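The block underneath contains the structure these notes are about, expressed in structure tokens.
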Amino acid sequence: MPLPAFLPDATLGVVRSVSSDDLLACDTPALVMNAFHLMQRPGSSTVQALGGLHRMAGWPRPIVTDSGGFQAYSLIAQNAKFGSISSNGITIRPEGSDRKFQLTPEKAVQLQVSYDTDVVICLDQCTHVDAPEDVQRVAVERTIQLARRCRSEFDRLMEQKRLTAEQRPLLFGVIQGGGYRDLRRHCAEALLAIGFDGYGYGGWPLDKDNRLLTEIISYTRSLIPARYPMHALGVGHPANIVACADAGYTLFDSAMPTRDARHGRLYVFTAEQPYLSASAADWLDYVYVGDDKHIKADGPISPWCDCPCCARYSLGYLHHLFKIGDGLFHRLATLHNLRFMVKLTESLRAERHD
Ligand SMILES: [Zn+2]
């Protein structure tokens with residue numbers, strides 16, 4: 005897969021409103037699905053009965069599965085009665101459910117492997133970047149312990165399945181440590197010593213004002229040798245992708261571009277051949293499809309876009325579909341924003357290798 009790449013979130017096994025053919029028409033390189041959510045809906049035995057994630061979703065290209073550390077953290081941060089995190093993994097009691105879900109590091113790996121994923125991500129303990137140092141330290145130690153158990157379980161399963169190095173999925177470790185450099189370093193060194201195929205930047209990547217945590221994100225990348233791919237988990241704003249790519253990250257995923265599309269915020273380049281500067285995002289503009297000024301717009305969303313939506317439909321027609329709440333709007337808008345993300349990463353590859 006050519007890098008850098010943006011991977012849309014197909015959390016529950018689908019990028020909302022679009023089919024696999026739609027995704028291929030945009031040249032989407034890969035998807036991120038969530039093992040933790042899939043274990044609840046449709047349930048692990050159902051995913052397995054439907055032939056694993058590739059067959060279930062009719063998706064021929066790579067799939068990265070996230071373990072659920074971040075989702076568990078979000079749920080528990082919202083309300084402690086939803087569950088707990090310990091050195092043995094995660095226990096979750098989702099609201100309105102009388103079932104309890106237990107996710108040990110071994111189970112997180114077993115599930116992802118049984119789902120026929122291409123990249124397994126270790127279970128980790130996520131924190132908020134503003135959490136105090138003692139909280140971050142506990143999370144880092146736990147993340148290292150969890151990663152070690154994930155690695156052992158992964159190796160045991162590969163041995164058992166007799167998969168060769170080429171047939172195996174990849175295993176990624178996630179670096180925690182919040183905003184503390186020494187903790188990030190400690191976590192990165194411990195994970196490098198355990199040994200993974202790639203690494204992820206763990207923790208929410210934005211501060212409380214929604215600004216990218218550029219300094220600590222760049223520092224964390226510098227701790228991992230350049231030969232390893234590094235995934236900026238949850239980074240999806242186009243300007244943030246450019247900043248993280250400049251820091252050396254090559255994989256990105258987020259639900260933001262597709263969510264923005266469904267809400268009528270469409271991404272466009274301001275020039276046919278934009279120069280992607282991280283310091284000034286003057287290459288990026290938004291078209292708010294619901295604005296009255298688009299009622300009679302008879303051109304495409306962008307004159308430079310080659311997505312299936314811009315090839316056939318006018319912005320005025322999209323405005324109409326948006327206003328009447330038709331599902332076709334969600335599909336076409338999603339296709340447009342996803343094609344924008346593919347073009348963005350293509351431009352990054354071309355520019356940064358000049
Ligand atoms: Zn388009």
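Each residue of the sequence shown is one higher than the one before, starting from 5 at the first, in the working numbering. Where is the CB? At the ideal position from N, CA and C, for every residue including glycine. Since this is a predicted model, take the numbers as computed values, not measurements.
Are LEU255 and HIS235 close, meaning C-beta to C-beta below 7 Å? Within the sequence shown, residue 255 is the residue found at index 251, counting from 1. Within the sequence shown, residue 235 is the residue found at index 231, counting from 1. In contact: LEU255 and HIS235 (Cβ atoms closer than 7 Å).
Could you have a look at TYR77 and say whether DSSP puts it in helix, strand or coil? The count along the sequence shown starts at 1 and reaches residue 77 at position 73. Helix.
For TYR377, which residues of its own chain have a beta-carbon under 6 Å away from its beta-carbon, when the five flanking residues on both sides are left out? Residue coverage of the chain in this structure runs from 5 to 358, which leaves residue 377 outside it and unanswerable.
Along the chain, where does the alpha helix (DSSP H) that runs through ASP296 open and close? The residue you call residue 296 lines up with position 292 of the sequence shown. It is not in any alpha helix (DSSP H) - ASP296 carries neither H nor E in the DSSP assignment.
Output the residues surrounding ligand 1, defined as those with a CB atom closer than 6 Å to any ligand heavy atom, in chain order. Listed by chain position, these are ILE305, SER306, CYS309, CYS311, CYS313, CYS314, HIS340, ARG343.
Put TYR271 into one of helix, strand or coil per three-state DSSP. Position 267 of the sequence shown holds residue 271. Here TYR271 sits in strand by DSSP.
Quick check: the Cα distance between GLY87 and ALA143, rounded to an integer number of angstroms? Sequence index remark: in the sequence shown, residue 87 carries index 83 (1-based). Sequence index remark: in the sequence shown, residue 143 carries index 139 (1-based). Cα-Cα distance, rounded: 16 Å.
Which runs of the beta strand (DSSP E) fall wholly inside the segment 224-261 and span at least 3 residues, in chain order? 234-236, 255-258
According to DSSP, which residues form a beta bridge with THR50? Here residue 50 is taken as the residue at index 46 of the sequence shown, counted from 1. Its beta-bridge partners do not exist; DSSP assigns none.
Could you give the first and the last residue of the continuous alpha helix (DSSP H) run that contains PHE200? Working through the sequence shown from its first residue, we reach residue 200 at position 196. Unbroken run through PHE200: none, as it is neither H nor E.
Are the CB atoms of GLY183 and VAL133 within a distance shorter than 7 Å? In the sequence shown, residue 133 corresponds to position 129, counting from 1. In the sequence shown, residue 183 corresponds to position 179, counting from 1. Taking C-beta atoms as the reference points, VAL133 and GLY183 count as a pair closer than 7 Å.
Beta carbon of LEU167, beta carbon of ASP120: below 7 Å? To locate residue 167, count along the sequence shown from 1; it is residue 163. To locate residue 120, count along the sequence shown from 1; it is residue 116. Going by C-beta atoms, LEU167 is not nearer than 7 Å to ASP120.
For MET345, report the span of its alpha helix (DSSP H) as first-last. Taking the sequence shown and counting its residues from 1, the one referred to as residue 345 is at position 341. That run of the alpha helix (DSSP H) goes 331-356.
Residues in its own chain within less than 6 Å of ALA61 by CB, not counting five upstream and five downstream? The residue you call residue 61 lines up with position 57 of the sequence shown. Cβ neighbours of ALA61 beyond the five flanking positions: GLY17.
Mark PRO8 as exposed unless 16 or more other C-beta atoms lie within 10 angstroms of its C-beta, in which case mark it buried. Against the sequence shown, residue 8 aligns to sequence position 4. PRO8 comes out buried.
Supposed close pair TYR271, ASN341 - CB separation, criterion 8 Å: On the sequence shown, position 267 is the one that residue 271 refers to. On the sequence shown, position 337 is the one that residue 341 refers to. Between ASN341 and TYR271 the Cβ distance is about 5 Å, and since that is below 8 Å, they are a contact.
Determine, using beta carbons only, whether ASP13 and GLY73 come nearer to each other than 7 Å. Within the sequence shown, numbered from 1, the residue matching residue 13 stands at position 9. Within the sequence shown, numbered from 1, the residue matching residue 73 stands at position 69. With respect to GLY73, ASP13 sits apart: the two C-beta atoms are not nearer than 7 Å.
For TYR77, count neighbouring Cβ atoms within 10 angstroms of its own Cβ and tell me buried if that reaches 16, exposed if not. Here residue 77 refers to the residue found at position 73 when the sequence shown is read from its first residue. Residue burial is scored here from C-beta neighbours: TYR77 has at least 16 other C-beta atoms within 10 angstroms and is therefore classed as buried.
If you follow the alpha helix (DSSP H) that VAL2 is part of, which residue opens it and which one closes it? A query on residue 2 cannot be resolved here, the shown segment of the chain reaching from 5 to 358 and no further.
Which residue comes first and which comes last in the alpha helix (DSSP H) that contains LEU28? Walking along the sequence shown from the start, residue 28 turns up at place 24. That run of the alpha helix (DSSP H) goes 24-29.
Is it buried or exposed, ALA251, if we count other Cβ atoms within 10 angstroms and call 16 or more buried? Taking the sequence shown and counting its residues from 1, the one referred to as residue 251 is at position 247. It counts as buried.
Count Cβ pairs between the segment 135-155 and the segment 186-199 that sit closer than 8 Å; are there 3 or more? By the Cβ test, the segment 135-155 is in contact with the segment 186-199, since at least three Cβ pairs between them sit closer than 8 Å.
Identity of the residue in LEU196, LEU332, ASN92, GLU145 nearest GLN106 by Cα: In the sequence shown, residue 106 corresponds to position 102, counting from 1. Checked all of LEU196, LEU332, ASN92, GLU145; the closest Cα to GLN106 is ASN92.
With 16 other CB atoms within 10 Å as the buried threshold, where does ASP102 fall? As a first step, residue 102 is located in the sequence shown; it is residue number 98 there, counting from the start. ASP102 comes out exposed.
4-residue-minimum alpha helix (DSSP H) runs that sit fully inside the segment 123-199, ordered along the chain: 137-165, 185-198
Just verifying my parser: in three-state terms, what is the DSSP assignment at ALA84? Position 80 of the sequence shown, counted from the first residue, corresponds to residue 84. Helix, per DSSP.
With 16 other Cβ atoms within 10 Å as the buried cut-off, status of LYS212: Stepping through the sequence shown from its first residue, residue 212 is reached at position 208. Label assigned to LYS212: exposed.
Do you know offhand how far GLY55's Cα is from TYR232's? Numbered from 1 along the sequence shown, position 51 holds the residue referred to as residue 55. Numbered from 1 along the sequence shown, position 228 holds the residue referred to as residue 232. Rounded to the nearest angstrom, the two C-alpha atoms are 31 Å apart.
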